[in-house]
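Trainee: Next up is a structure, given as C-alpha cells.
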Amino acid sequence: MELNANAPTVQRALGLALMRQALEYLSTVGEDEASSHLSCAIDALLKPKNGRESTPAA
C-alpha cells in the first residue's frame, strides 16, 4: 500500500489523531462542554457508515 499524504485515509487518520490530542488538552484545562462535543465528533468519525465495517487505525 502506498502512503500518500494526500490520500483520504491518511488525512482522516491525521485528523483523528489531532482531535484526540485536542481532547486531552480540553480535558486538562477543564473545558468539559467542549470536550464532550469533541468526543461526540470523534465517535461519529469512527462510526461505520455506508456498509463499511472497518474504522481507521490511528
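Just so we're aligned, residue 7 is where the sequence shown starts under the working numbering, counting upward by one.
Just so it is clear, CB atoms sit at the ideal spot from N, CA and C, and this is done for glycine as well.
#1: Taking the alpha carbon of C46 as the reference point, which residue from L22, G36 and V35 has its own alpha carbon closest?
#2: Could you tell me the boundaries of the alpha helix (DSSP H) in which S54 lies?
#3: Output the distance between the C-alpha atoms of A40 and L51, rounded to the nearest integer angstrom.
#4: What would DSSP say about A13, mapped onto helix, strand or coil?
Mentor: Result, derived from the coordinates:
#1: L22
#2: The amino acid at residue 54 is misidentified as Ser; the sequence shows Pro. Note, P54: premise wrong, no alpha helix (DSSP H); not H, not E.
#3: The straight-line gap from Cα to Cα measures roughly 17 angstroms.
#4: coil
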